[in-house]
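Take the sequence shown: its letter number 16 is residue 16 in full-length UniProt numbering, and every next letter is one higher.
Using N, Cα and C, we set each Cβ at its ideal position, and we do this for glycine too.
Every value quoted in this text rests on a predicted model; they were computed, and no experiment measured them.
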Amino acid sequence: MTADGRRHFYICKHKRLKSSQSEQSTDEIENNNEKNKQYRCPAFLKVLEMSDGSVTYEGCLGHLGHKVSAADLRLPKESEQEILNLLRKGMTAAEIAEKIRQERWNRSRGPDEQPRICYTGIREIERIADRYESEVAFEKLQQTFFYVNQLMRDCVKKNLHELISDFNLAVITKANEVARLSEKPKKPPPRKRSPVETKQATVSC
């Protein structure tokens, strides 16, 4: 964030060398110079997002040494939100990936013409779930409360007061348990013993 707005910088994923190449010696890299060049795509984009909503940018939009694939693009926020909505419904990453492929893949178009979300795999969906784990869990809880509220209203109409009392007691008991756990300080991780301490402890036993 700067005084004149927010700056963003994007580079092509092929700009970096492959990990196996980055571990090579200098001589090996020099000997494979031509091979390495194809992984150093010059494409980049510098974006300045102004506070009034206007955007300016500069960069190199051409790619070199590799094909441009929809699978390499950044997942749009709208697509990420679509995946989050499916996670909130309780679907697993595998179910979401399969659903997207079946419903969003346009068979009349080629692979590079498909929307980015069609290339979202299970691992990417799991990473999204990890980032929003608390938010998704809380929204699921809110949905559960909505369902329970409707259920209890039906019980009132049917004069099932004992069921309501039993449920209320169970909820309060669980809520008190959660309150105790949330206030309980986390245990620090166990301290690793040094080899000397381990040896002494073994001898003393």
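Between which residues of its own chain and residue i is the CB-CB distance below 7 Å, once the five residues before and five after are set aside?
i	result
TYR10	PHE44, LEU45
ARG104	PRO115, ILE117, CYS118
SER51	GLY5
ILE122	ALA93, ALA94, ALA97
HIS63	CYS12, CYS41, ALA43
Excluding the 5 residues preceding and the 5 following residue i in the sequence, name in chain order all residues of the same chain whose CB lies nearer than 8 Å to its CB.
i	result
GLU82	ILE117
ALA71	ARG116, TYR119
PRO76	ARG116, ILE117
LEU61	ALA43, LEU45
Can you pull the DSSP bridge partners for residue i?
i	result
GLU49	ARG6, VAL55
ILE11	PHE44
Go ahead and pull the three-state DSSP assignment for residue i.
i	result
CYS60	strand
ASN85	helix
ARG153	helix
THR92	coil
HIS161	helix
VAL68	coil
THR173	helix
ASN168	helix
TYR147	helix
ARG104	helix
GLN21	Reliability of the predicted coordinates at GLN21 is poor, the pLDDT of 45 falling under 50, and the value obtained from them is presented with this limitation in mind. If DSSP states are grouped into helix, strand and coil, GLN21 belongs with the helices.
LEU141	helix
LEU181	helix
PRO111	helix
ARG74	coil
TYR132	coil
According to the Cβ coordinates, are residue i and residue j closer than 7 Å?
i	j	result
LEU84	TYR147	no
VAL47	HIS8	yes
ASP112	SER69	yes
GLU49	ARG6	yes
VAL136	ARG101	no
Keeping to the same chain, check which residues put their C-beta closer than 6 Å to that of residue i; ignore five residues upstream and five downstream.
i	result
LEU163	CYS155
Exercise for the section: Would you be able to state if there are at least three C-beta pairs under 8 Å between the region 108-127 and the region 89-98? Expected result: yes
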